[in-house]
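Trainee: When we follow the numbering used here, the leftmost residue of the sequence shown carries the number 3, and every step to the right adds one. From the three backbone atoms N, C-alpha and C, an ideal C-beta is built for every residue, glycine too. Here the structure is a predicted model, which is why all the values come from computation and not from measurement.
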Amino acid sequence: DWEERKLGELANIVGGGTPSTSNPEYWDGDIDWYAPAEIGEQSYVSKSKKTITELGLKNSSARILPVGTVLFTSRAGIGNTAILAKEATTNQGFQSIVPDQNKLDSYFIFSRTNELKRYGEVTGAGSTFVEVSGKQMSKMSIMVPELSEQQKIGSFFKQLDETITLHQRK
3 DWEERKLGEL ANIVGGGTPS TSNPEYWDGD IDWYAPAEIG EQSYVSKSKK
53 TITELGLKNS SARILPVGTV LFTSRAGIGN TAILAKEATT NQGFQSIVPD
103 QNKLDSYFIF SRTNELKRYG EVTGAGSTFV EVSGKQMSKM SIMVPELSEQ
153 QKIGSFFKQL DETITLHQRK
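See below:
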């Protein structure tokens, strides 16, 4: 049976941050740090263009996101998604979805990208550019089956995506 739940009941929604760019001690470290322009083509990401240091992490609102987090771009180019294959951080152009491992499957929620994108576009606000907040994302209603069913659906879509990718390479 599928039931309607709020995204915030199934996952934590985490924003990002940027360490001061004028302090070189904050940059070129071991911690991946994603910008929205890097998200879009691939399902999984494991290497960002820029990296930050522990010091940069401590002195910014960037947070370490675990493997399986669904990165969600929350500004211009709203609703692009990718799954973290390696822990990382993001800038403030994201509201990332960190699934509760007992309630939400990463690939299942990733497979619902179009719904997430539509929701973000409709609820997002801003005069210069549209932006959706973590609070708004948490309130999104989503129909979900129990976890084992989500995992089967997620696995099916993952295989489908991999097959499509293989055919595109030919």
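May I ask you to report which of helix, strand or coil DSSP gives E123?
Mentor: Start at 1 with the first residue of the sequence shown, and residue 123 comes out as number 121. In this structure, E123 counts as helix in the three-state DSSP scheme.
Trainee: Going by C-alpha distance, which of Q153, P147, Y36 is nearest E6?
Mentor: Along the sequence shown, one-based indexing puts residue 6 at 4. Minimum Cα distance to E6 is reached at P147.
Trainee: Using only the alpha-carbon positions, how far apart do F96 and G10 sit?
Mentor: Reading the sequence shown from its first residue, position 94 is the one you call residue 96. Reading the sequence shown from its first residue, position 8 is the one you call residue 10. Near 16 Å, if we compare the C-alpha coordinates of G10 and F96.
Trainee: For a minimum of 3 consecutive residues, which ranges assigned as the beta strand (DSSP E) are wholly contained in the region 11 to 46?
Mentor: Taking only runs of at least 3 residues, the beta strand (DSSP E) segments lying wholly in the region 11 to 46 are 13 to 17, 29 to 36.
Trainee: Assuming K88 and D34 are in contact, meaning their beta carbons sit under 8 Å apart, how far apart are those beta carbons, in whole angstroms?
Mentor: As a first step, residue 88 must be located in the sequence shown, where it is residue number 86. As a first step, residue 34 must be located in the sequence shown, where it is residue number 32. The pair is a contact, with the Cβ atoms about 7 Å apart (cut-off 8 Å).
Trainee: What are the start and end residues of each continuous alpha helix (DSSP H) run of 4 or more residues lying completely inside the region 53 to 89, in chain order?
Mentor: Taking only runs of at least 4 residues, the alpha helix (DSSP H) segments lying wholly in the region 53 to 89 are 56 to 60.
Trainee: Whether or not the region 65 to 72 and the region 98 to 113 are in contact is what I'm after, with contact meaning three or more pairs of Cβ atoms, one per stretch, closer than 8 Å; do they touch?
Mentor: Contact between the region 98 to 113 and the region 65 to 72 is present, because at least three Cβ pairs lie under 8 Å.
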